[in-house]
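Peer 1: Quick one: this structure, given as structure tokens, is what I'll be asking you about.
2 protein chains.
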Amino acid sequence: MAKEVVIVGGGVAGIFVLRNLLAKKDKVGEGMHLTLIKRERSGWESVCGLPFALRGWYEIGLTEIQKPQFFQDQGVDFRTETEVVQINVAEGFVTLDTAEVLKYDYLVLATGRTPSMPAVVEQAKLEGVYTFNDEDDAREIEAAMNAEGVEHAFVRGRGINGLQAAVAFATKGLKTTVLGGPPSLLPSALDPDMGGMLKEWLEKQGIRFILERKPLTALKGDGGQVKSVVVGDEEIPADIMVIALGAAPNADLAKDPELETGESGGFVTDSAMHVRKGGCSLNNVYAVGDCVEVIDGITHRPRLSQFASTAVVQALVICENILGELIEQSTLYSPYAPCISPSIADIGGLLVGAVGVTSEAAARAGIKTVNGKATKLIKARYFPGATKLTMKLIFDAFTRKLIGAQLVGEATVAERINELAVAIYAGLTAAELRNMERCFDPSLSQLVDVTTDAAEKALESV
Amino acid sequence: MAKEVVIVGGGVAGIFVLRNLLAKKDKVGEGMHLTLIKRERSGWESVCGLPFALRGWYEIGLTEIQKPQFFQDQGVDFRTETEVVQINVAEGFVTLDTAEVLKYDYLVLATGRTPSMPAVVEQAKLEGVYTFNDEDDAREIEAAMNAEGVEHAFVRGRGINGLQAAVAFATKGLKTTVLGGPPSLLPSALDPDMGGMLKEWLEKQGIRFILERKPLTALKGDGGQVKSVVVGDEEIPADIMVIALGAAPNADLAKDPELETGESGGFVTDSAMHVRKGGCSLNNVYAVGDCVEVIDGITHRPRLSQFASTAVVQALVICENILGELIEQSTLYSPYAPCISPSIADIGGLLVGAVGVTSEAAARAGIKTVNGKATKLIKARYFPGATKLTMKLIFDAFTRKLIGAQLVGEATVAERINELAVAIYAGLTAAELRNMERCFDPSLSQLVDVTTDAAEKALESV
């Protein structure tokens, strides 16, 4: 009899588990029947594409990569606008909001996250206040920012989502203010010196930053519509407002309170991405994506890694492990390695990338670091596209191994983050990284790259 | 008394030893006096920039990055148009063609290479036949290709230099034919399937390829000027001709015949880049660049690696080792690691990169391989610059470690070659490479990258 696999949640995490299983379905002799339950209306939605839609690069609709029908046509029981209200891992079923009960052989929890919302905002109950987490949010923001008379935008939060919303507002010509804590932007990815470069870039686009420990004391409205916010002593006009203060894993849900969650609030899993209950791994229940707690690859402490890129690797791991059980005599198995969260974003035309720990995160974990930082053109100056790149490399002061990297520039940042991710994963030292031969063509690279310079700086500093 | 360092040769290898030592000169208590002897007129010349000058991107003169005066102003005895005619390592001096004798404490041999020339070409003694190895060659080729009545170009050799010359000729509108052996282009870097992609690209630019084991039987001239070549039964018009058949290390020079050279013809060195004589390393004589034999990082066999990028790493190693001796109580030291030759070239607008071994080179070394190949857009299709990239990954069939990679595409190739170089250096397996998290922003990358796909293909094939 075909094995029942039920996936709860249809964000990138759930969709990628589904896609991977679909692609290898034929390898399972007894067959697999796949069910995906999602709250949203969409099929496969690229939420990472939404900031660019808001910036006017294309229609929001383009970010729906596949409609539900695409999966239904392949025999998937793909249910939208449906929620799971109870999970029973003891007996192996989930209950839907329609009261329907679905038995499963394998359950995959891809329940996502819920954006945080400060009490002062909740209590104000004003229109014109949004989170920026999914397609519906994007459509609402788009409608609101294009409405008549909208001149001022206010963003609470200086993470990627908040900055992407601010860039969209500034691009549209709105007077935009971002409120976040000190000292700089994207503090989970960038040290203040690197975050400061991004801040300067965005200030040139007209975005104002208030990066102080000032609370958002009040929201003022007019006819139920937000009109201004009070920050410290200052009242700042705000016709539209985005709250982007991070998001909590949807890991409690009151569905099975005994599933283990960690200090980050996400599901605790073992290396195979099984969730745990009563101190044991559940061999047929997996969790994936924003609702999961990962182990940091450098500090070995639990944390969240709410990136699509993290979800995709976890989805691959889960698929391999399910198939490893279902395919006869298979040795298929993937462990999920500790996470170093390589990340990249185009924020208003500046590319900002990071991987591993920041200096501050290392210090908080008791790791002493040696840093090297360099700025250089990415290719010979007489070639088109010879823009500057700033690289900061963070090494463990004891082992001299690379444990973090941060890049700010206009090109090559994504690919370099991937290179440095491999270097961190492989434990390369500052000396090894400096002495690595790098390919050269003057129209594409430098004979002595900024990586070599940054590693050399770290070596010189000790 | 200041230590005398004499560098023989002023290509990128010699220049980088000089630059590195200059930058750290002050660290040596007793001081260093630096002498560089070179045959050419130029100071620091970027020969890698010459193909683009020929393609009309800028003047040839721009490729001279520094004039000799630049180094002379820093106290370097920088001598151009001068040759070393004898080296005496027993007594520690070199003799110049001016009969002057220079004593040294440290000697660095950066003697470069001499382009190969088939006997049939030598014997024809015709004008209009060039090698493409240095600035003088480029100036001669430029003058000749722009002369009146020049319509047909012929290139002997399908390596990087030959193809770059062919592209320059085709760009200029000359009817261009390239003669090389089978089966495809750049055989030392690319497997035939990947080389075939480059061939197709260049054929669209009007370049004709004859890739067969056909000898160049004769050159025909008119008034001492080449007019055609005979290949097999065919006479091919050729008003200008470039011979690009590789280059032999300048390692004999009849200067000190007892310095050890290897089967590749290059100087044999130890890990510190010391040359050897009578079975022993000479602790104050180094060799660097095109004249050196390296150990291949995969096959562990000796070979050449005549890239500027190789020279630059060796120059760094030599500088560290000289300073390690001269700076009191220093532990400074760099070993030169076995070489995996990451390489990249823009050949007529197509980027071609490679690192490690080809399938064929692996087979020749008795290494069985498992390959994975994939083609994919480098970013989401609705973003500008979403071009296709083809990646071929070559894994050791026993260890499953990455031992080679080849890329053909229009962007991101250089940075990816560097990533894959780190992966080879660190011994990453196909499964590790496939499961690596990669940074994602749809305007810059794919959620599942071509690297993941190529690694997956390799895993599926076993």
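Chains as they are written, first to last, in our numbering: chain X, 3 to 464; chain A, 3 to 464. C-beta atoms are modelled at their ideal positions from N, C-alpha and C, and glycine is treated no differently.
#1: What is the rounded straight-line gap between the Cα of G225 of chain X and the Cα of A112 of chain X?
#2: First and last residue of the alpha helix (DSSP H) that includes E462 of chain X?
#3: Apart from the five residues just before and just after T263 of chain A, which ones in its own chain have a Cβ nearer than 8 Å to its Cβ?
#4: Please confirm if L409 of chain A has its CB atom under 8 Å from at least one CB of chain X.
#5: Helix, strand or coil for N163 of chain A per DSSP?
#6: From the DSSP output, in three-state form, read off Y476 of chain A for me.
#7: DSSP on Y108 of chain A, reduced to helix/strand/coil?
#8: Span of the beta strand (DSSP E) holding N286 of chain X?
#9: Taking only beta-carbon atoms, is C441 of chain A less than 8 Å away from chain X?
#10: Cα-Cα, which of A:A4, A:G13, A:D451, A:E6 is closest to S311 of chain A?
#11: For P53 of chain X, does the three-state DSSP call read helix, strand or coil?
#12: Can you check whether the CB of V10 of chain X is closer than 8 Å to the CB of V96 of chain X?
#13: Helix or strand or just coil, what does DSSP make of I466 of chain A?
#14: Which residues of chain X have a Cβ atom closer than 8 Å to the Cβ of I346 of chain A, listed in chain order?
#15: Note down, in chain order, all residues in the region 44-74 of chain A with a beta-carbon under 8 Å from any beta-carbon belonging to chain X.
#16: At a Cβ threshold of 8 Å, is S311 of chain X touching chain A?
#17: Please confirm whether T116 of chain A has its beta-carbon closer than 8 Å to some beta-carbon of chain X.
#18: Taking any Cβ of chain X, which residues in the region 314-325 of chain A have a Cβ under 8 Å from it, in chain order?
#19: How is F18 of chain X classed by DSSP in three states: helix, strand or coil?
#20: Going by beta carbon distance, what residues of the same chain come within less than 8 Å of Q448 of chain X, once the five residues before and after it are set aside?
#21: Kindly identify the DSSP beta-bridge partner or partners of N373 of chain A.
#22: I want to verify the contact list: residues of chain X whose CB lies under 8 Å from the CB of L430 of chain A, in sequence order.
#23: Going by the beta-carbon positions, is the gap between A457 of chain X and L395 of chain X smaller than 8 Å?
#24: Does T82 of chain A come out as helix, strand or coil in the three-state DSSP assignment?
#25: DSSP on K27 of chain A, reduced to helix/strand/coil?
#26: Check the Cβ-Cβ distances between S336 of chain A and every residue of chain X, and say whether any is below 8 Å.
#27: Give the range of the alpha helix (DSSP H) segment to which I62 of chain X is assigned.
#28: K40 of chain A and G63 of chain A: beta carbons closer than 8 Å?
#29: Work out the CA separation of I346 of chain X and G281 of chain X for me, nearest whole Å.
#30: Give the DSSP bridge partners of W46 of chain X, in chain order.
#31: Considering only their Cβ atoms, is the gap separating V424 of chain A from A399 of chain X smaller than 8 Å?
#32: Should D241 of chain A and E153 of chain A be called a contact, given that it needs their Cβ atoms to be closer than 8 Å?
#33: Which same chain residues end up closer than 7 Å to C50 of chain A when comparing Cβ atoms and leaving out the 5 residues on each side of it in sequence?
#34: Between the Cα of K29 of chain X and the Cα atoms of X:I324, X:E434, X:E83, X:P189, which residue gives the shortest distance?
#35: Determine contact between the region 203-219 of chain X and the region 129-137 of chain X, defined as no fewer than three beta-carbon pairs at a distance below 8 Å.
#36: Note the first and the last residue of the continuous beta strand (DSSP E) segment covering G326 of chain X.
Peer 2: A quick look at the data gives this:
#1: The alpha-carbon of G225 of chain X is positioned some 39 Å away from that of A112 of chain X.
#2: Where E462 of chain X is concerned, the enclosing alpha helix (DSSP H) stretches over 452-462.
#3: Counting only Cβ-Cβ distances below 8 Å, and skipping sequence neighbours, we find P251, A253, D254, F269, V270, E295.
#4: Taking Cβ atoms only, chain X never reaches closer than 8 Å to L409 of chain A, which makes this a no.
#5: The DSSP-derived three-state label of N163 of chain A is helix.
#6: Residue coverage of chain A in this structure runs from 3 to 464, which leaves residue 476 of chain A outside it and unanswerable.
#7: Three-state result, Y108 of chain A: strand.
#8: For N286 of chain X, the uninterrupted beta strand (DSSP E) run begins and ends at 282-289, by DSSP.
#9: Contact of C441 of chain A with chain X is assigned, a C-beta pair being separated by under 8 Å.
#10: S311 of chain A has its Cα closest to that of A:G13, out of A:A4, A:G13, A:D451, A:E6.
#11: Of the three classes helix, strand and coil, the one that applies to P53 of chain X here is helix, per DSSP.
#12: Yes. Within cutoff.
#13: As shown, chain A starts at 3 and ends at 464. That puts residue 466 of chain A outside it, with no answer to give.
#14: Around I346 of chain A, the beta-carbon contacts reaching into chain X at under 8 Å are C441, F442, D443, L446, S447.
#15: Shown in chain order are the members of the region 44-74 of chain A whose Cβ falls below 8 Å from a Cβ of chain X: S48, C50, G51, F54, W59, Y60, L64.
#16: Yes, S311 of chain X lies at the interface with chain A (some Cβ there is under 8 Å from its Cβ).
#17: No, because no Cβ of chain X sits closer than 8 Å to the Cβ of T116 of chain A.
#18: Residues of the region 314-325 of chain A whose Cβ lies closer than 8 Å to any Cβ of chain X, in chain order: V314, V315, L318, V319.
#19: The answer is helix: DSSP assigns F18 of chain X an H, G or I state.
#20: If we look at Q448 of chain X and ignore the five residues flanking it on each side, its Cβ neighbours are K378, L379, I380, K381, A382, F442.
#21: In the DSSP output, where bridge partners are listed per residue, N373 of chain A has A:I396.
#22: Chain X residues near L430 of chain A: V424, Y427, A428.
#23: At the C-beta level, A457 of chain X and L395 of chain X come within 8 Å of one another.
#24: DSSP, reduced to helix, strand and coil, places T82 of chain A outside both helices and strands of the structure shown, so it counts as coil.
#25: Three-state result, K27 of chain A: helix.
#26: True, the Cβ-Cβ gap to chain X drops below 8 Å.
#27: Neither: I62 of chain X is in no alpha helix (DSSP H) and is coded neither H nor E.
#28: Contact: no.
#29: Cα atoms of G281 of chain X and I346 of chain X: separation of roughly 36 Å, rounded to the nearest angstrom.
#30: X:Q68.
#31: Going by C-beta atoms, A399 of chain X is not nearer than 8 Å to V424 of chain A.
#32: Taking 8 Å as the Cβ cut-off, D241 of chain A and E153 of chain A qualify as a contacting pair.
#33: Contacts found: A310.
#34: The shortest Cα separation from K29 of chain X among X:I324, X:E434, X:E83, X:P189 belongs to X:I324.
#35: Judged by Cβ distances under 8 Å, the region 203-219 of chain X makes no contact with the region 129-137 of chain X, as fewer than three pairs qualify.
#36: The continuous stretches of beta strand (DSSP E) do not include G326 of chain X, which lies in the alpha helix (DSSP H) extending over residues 310-328.
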